[in-house]
Every structure is written in structure tokens, then in C-alpha cells.
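Below: the structure, in C-alpha cells.
Protein chains: 2
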Amino acid sequence: MFSLAEENYLKAIYHLEQDTKGGVSTNSIADKMDTKPSSVTDMVQKLADKGVLSYKKYKGTTLTTKGRKTAAGVIRKHRLWEVFLVDKLKFHWDEVHEIAEQLEHIKSEELVNRLDKYLGHPDFDPHGDPIPDKNGNVKKTEKKLLSELTKKQKGVCVGVKETSSEFLQYLDKRNITIGTKLTVLGKEFFDGSMIIQVGRDQFFISKKTAENLYIQTT
Amino acid sequence: MFSLAEENYLKAIYHLEQDTKGGVSTNSIADKMDTKPSSVTDMVQKLADKGVLSYKKYKGTTLTTKGRKTAAGVIRKHRLWEVFLVDKLKFHWDEVHEIAEQLEHIKSEELVNRLDKYLGHPDFDPHGDPIPDKNGNVKKTEKKLLSELTKKQKGVCVGVKETSSEFLQYLDKRNITIGTKLTVLGKEFFDGSMIIQVGRDQFFISKKTAENLYIQTT
DNA sequence: CTTCATTTTTAGACAAGGCTAAAAATTAAA
DNA sequence: TTTAATTTTTAGCCTTGTCTAAAAATGAAG
Chain Z
12 MFSLAEENYL KAIYHLEQDT KGGVSTNSIA DKMDTKPSSV TDMVQKLADK GVLSYKKYKG
72 TTLTTKGRKT AAGVIRKHRL WEVFLVDKLK FHWDEVHEIA EQLEHIKSEE LVNRLDKYLG
132 HPDFDPHGDP IPDKNGNVKK TEKKLLSELT KKQKGVCVGV KETSSEFLQY LDKRNITIGT
192 KLTVLGKEFF DGSMIIQVGR DQFFISKKTA ENLYIQTT
Chain A
12 MFSLAEENYL KAIYHLEQDT KGGVSTNSIA DKMDTKPSSV TDMVQKLADK GVLSYKKYKG
72 TTLTTKGRKT AAGVIRKHRL WEVFLVDKLK FHWDEVHEIA EQLEHIKSEE LVNRLDKYLG
132 HPDFDPHGDP IPDKNGNVKK TEKKLLSELT KKQKGVCVGV KETSSEFLQY LDKRNITIGT
192 KLTVLGKEFF DGSMIIQVGR DQFFISKKTA ENLYIQTT
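Residue numbers (our numbering), protein chains in the order written: chain Z, 12 to 229; chain A, 12 to 229.
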């Protein structure tokens, strides 16, 4: 039905739509896909013909319901495979993204359903991202970025925004992972840095880090 | 390193080499790959340049050691994934081939090693085919085709030659699977058909079926 | 309301893989 | 051994997805 390249475009546009009001710009897609705007134009025209997105010259694109569902299907597979890699094959959470990028394109409805069942119908992947259900719906939780919290607030780490190995390993070194409880001890006004408490340890957290950690406040 | 198409060619040539003396012909590859001879010529020339096979115009091709190892690696992945699908996800042995055809191209050494370990280092796939080890070596067993047995011989079914769903489902209907013990009760001379005993049941087996069942005689 | 920087699209080209039609080599038959 | 049939290769074209360079549209600033 959809080629590997097409699925990757849909996925990228799906993600971009989530933090953009209105249509997604050609340049932003090119940026995310690490490709050239001209290539994006070609592809979105093709995808518009296929009915998975609507496209107006110079005005950006928006996924149709069909497109959104297709993208969610790919993301569902990606996240389920990540759970498999971490829970069953004992990979570390910073090693699974690349492999899941490949596995997400395996075509078999039955496979996804059985994998889902085998893993116990997980709701979140190892990075705390929600796994869309068969119909492409995600149960969204009200989570905040650590950077949005203020002094003395407590919360549980429920996800990461950035998923690079460097960042995940950095968190590991500080024993921060999904489920970690933490408290904001202080927040520096001029540079956005924070001091947080994790268990008995206290850490300095840069603004950049704080903007990439999702917290569920309690 | 190798594209999907290249890997598929290597795999096909690897299989063809096993039942061919001398080089593998262009036409036989085209046949197996369901493609045109002209396309095969192009590809084998490219693969020869890459050093995975030797090719002499009009004389057929032979895998180099590197090529054989690469092909075995792909086959190793295919068969390990088949074990996963059957043992863990409870797929039926006639449903896994197509999915494994996709999974065999996932690139990650670490993934294969962990999968192998997770599955308990299996030696055979669900169809009884041997799984090459990390170095591409297969332990070959002395197995015969059912059609080679004679009256009163007993044996255990250890594999199938043909792997189409139709054939596997046909075997299932007769309760024949890997590990099934059977005895040849009679063999018809003029059409090669046989009567075999499986447990308490007796079955008529056509020549075609007998030529696609591997038996280890006891 | 022009002008200029930015964004986006178009046009033309390229690499991978595949196909068709025609030419060349090989093998088999008479 | 000369011809005929078969196999294999070559030549040229197509599609997918990409790129660069140039043109066109948009929008921000004066």
C-alpha cells in the first residue's frame, strides 16, 4: 500500500502536526526528514493524490483522517517493537530507536496484533510515549515538561521528548528513567537551570535537559 | 552494506547452488526470483564488482566465500524469525514465511544475537531447515526424502522441501508435522504413491507429497 | 506599496532496479 | 558442420525517490 519512503513522510508530518498550529510547512518536513524541500514538494503532491493529506501550493499540508490513521499505524508498530526489544530482548532504552525504525515498516496486520498481545497490550513505549491502538487513537495524558514546574513541585518522570542516545545515557547516569520520582528544589531565573532531588541525590539540570523531560505532577 | 534486492539475489543463488553442480545459470536465477534474465545479468555483474560472486559471461555465477557468508546471514535471520513467530507469537508454520521474508532484512547484528539467545539458540526452524550459525555454517543432517524409503521402513519427519501454505495445511490435516513418526506400509511401483502409518491412522501419500517430505530413518 | 529576503515550486538530472526488444553466444540437431 | 533452438547479454526506456539550480510566490520592512 505505502512505500517505506511514503510511510516515513506520513510519520514525520504526523509528528510535526502535533506541535504546529495549521498546516505543516514544506521546509519543516524537509528539516525533519533530512532531505531537500524540492523532494518534499514532489512527495506531498504524490501523497495528496493518494488521499492521505491535503496540500495547497505554498500553504503547507495537513493529514487527512486516512493519513493520520496510516501514520498512527506505523508509530504503533514502532513503539510496540521498542517494547519488545527492551522487555524481551533486554536492550537498553537508548539502543532501540534505530532498530524500531526498520521494524516499523514490516507489513502484517496479524503480526502487530499478536505482538501487541504477546507484550500484554502495553500503553506506553520504553520512552514513555503512548502506543496508538488499532484504530490509531492515543490516550493522551496531561504531562508537563520539567521546565514548566516550579520550586517544591513533585512529579514522576513519564517520558522524554528528545530520544538521542546521548540524552538517554545522560539520564541513566543520574538514575533518571521512566517512573523516577523527583522534586524541584530550585530554579534559576536567568538561565532556566534547576536543582532537583532524585532519591537521596541532588542534581543540577540545565534548561535544555528540563525542556526534554516529561513529568506527571502529583 | 547490501540492499534488499542484493540480499535477495544472494539468498536465491545460495539456494540454487545447493542443488546444482557448477555455476548457477542466469535463467535459473530469473526463474527463482520471478524476474527477467536481463535484470539478473545486470545484478550479477554488480554483485561480482562487489566481490560476493564470480561471474563469467554465459557461464553462470558462483558465490565467493564472502557471498556465501552474507547469504547464510540472511537465511539465519529468516529462520530465527520464523522460530520467533511460531514459538513465541504462536503463528502456524504455514503463515510465517512471508513475514520472515521481510524480517530477514532488518540490519542489526546485536538484534540477531539477542534473538538467537532469547529463542534458546535453536538449530532448526519450524519447517525443519537448519539455522546457520554466526559464521554461516550449517550442521547438515543426513535426511532422506520420504519417496526414497521402501516398504516397512520407519522414520521421523524432520523437514519439508516445499513450504507453500497449501502443502503445509495438507500435512496438518493428516497430523504430520516436524517430529511425527511414520512407517511405510506400502509403495506403489507405477505411480510412486505410498501408504504410510502415522499413529493409528493410515494415509495414502502421492508421489509429489513423498518427494517433499524429509525423513530421518531410524 | 514597493522592494527584498525567505519559502516553495518547477525543471532537469541521476542512481537503483526493473522491463522489452534485439543482438550475440552457446548448445543441440540434422 | 551447418543450421536451428535456446540461453544470455546489450541497448534503451521506465519508475521511484533523490538532488541542484533557477524561477515564482509570499510576506516583512521601509
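All C-beta atoms in this analysis are idealised placements derived from N, C-alpha and C, irrespective of residue type, glycine included.
The closest CA to that of Z:GLY84, considering only Z:MET54, Z:VAL149, Z:HIS138 and Z:ASP30, is found on Z:VAL149. Taking a Cβ-Cβ cut-off of 7 Å, the neighbours of Z:LYS99 in chain A comprise TYR129, given in sequence order.
Residue pairing from DSSP places Z:PRO141 in a beta bridge opposite Z:PHE135.
The C-alpha of Z:LYS151 is placed about 10 Å away from the C-alpha of Z:ILE142.
Counted as a single uninterrupted DSSP element, the alpha helix (DSSP H) harbouring A:ASP183 occupies residues 176 to 184. Between Z:GLU109 and chain A, the shortest Cβ-Cβ separation is below 9 Å.
Restricting attention to beta strand (DSSP E) runs no shorter than 3 residues, the region 55 to 141 of chain Z encloses them at 64 to 67 and 71 to 74, ordered along the chain.
Assigned with DSSP and collapsed to three states, A:ILE40 falls in helix. If the five residues before and after Z:LEU114 are omitted, its C-beta is found closer than 8 Å to the C-beta atoms of LYS88, HIS89 and TRP92, all from its own chain and listed in chain order. Against chain Z, a Cβ distance below 8 Å from A:LYS118 picks out GLN113.
In the DSSP annotation of this structure, the continuous segment of the beta strand (DSSP E) that includes Z:ILE207 starts and ends at 205 to 209. Using beta-carbon distances, Z:ARG90 does not count as an interface residue toward chain A, since no partner is under 9 Å. When beta bridges are read from the DSSP output, Z:LYS155 appears opposite Z:ILE226. Annotation for Z:THR194: the continuous beta strand (DSSP E) segment containing it runs 192 to 198. Annotation for Z:SER158: ALA221 and GLU222 place their beta carbon closer than 6 Å to its own, counting only its chain and skipping 5 residues before and after.
Distances from the CA of A:GLN227 to each of A:SER204, A:CYS168, A:SER176 and A:VAL195 were compared; the closest alpha carbon is that of A:CYS168. A Cβ-Cβ distance of about 6 Å is found for the pair A:LEU100 and Z:TYR129, placing them in contact under the 8 Å criterion. If you look at Z:LYS219, you'll find it in the alpha helix (DSSP H) that goes 218 to 221. The Cβ-Cβ distance between A:LYS172 and A:LEU156 falls below 9 Å. Neighbourhood of A:PHE102 in chain Z, by CB distance below 9 Å: GLU121, LEU122 and ARG125, in chain order. CA-to-CA, the gap between A:MET54 and Z:PHE178 works out to about 42 Å.
Straight-line spacing of the CA atoms in A:VAL51 and A:ASP144 works out to 29 Å. In the three-state DSSP reduction, Z:GLN213 falls in the strand class (E or B).
Z:VAL171 sits in a strand when the DSSP states are folded into three classes.
In this structure, the CA atom of Z:THR188 is about 11 Å from the CA atom of Z:VAL209. By the criterion of a C-beta distance shorter than 7 Å, Z:THR72 is surrounded in its chain by ILE24, GLY34, VAL35, VAL55, LEU64, SER65 and TYR66, once the five residues flanking it on both sides are discounted. Z:LYS163 carries a coil assignment under DSSP once its states are collapsed to helix, strand and coil. Closest in C-alpha terms to Z:GLU112, from the list Z:THR229, Z:ASN19, Z:ASP30 and Z:THR75, comes Z:ASN19.
Beta-bridge annotation (DSSP): Z:VAL35 is paired with Z:THR72.
In this structure, Z:PHE13 lies away from Z:THR76, with their beta-carbon atoms at least 9 Å apart. Z:LYS165 and A:ASP140 have their C-alpha atoms roughly 56 Å apart.
When the beta-carbon positions are compared, A:ALA41 and A:LYS47 come within less than 9 Å of each other. Residue contact with chain Z for A:GLU106: present (Cβ-Cβ distance below 9 Å to some residue of chain Z).
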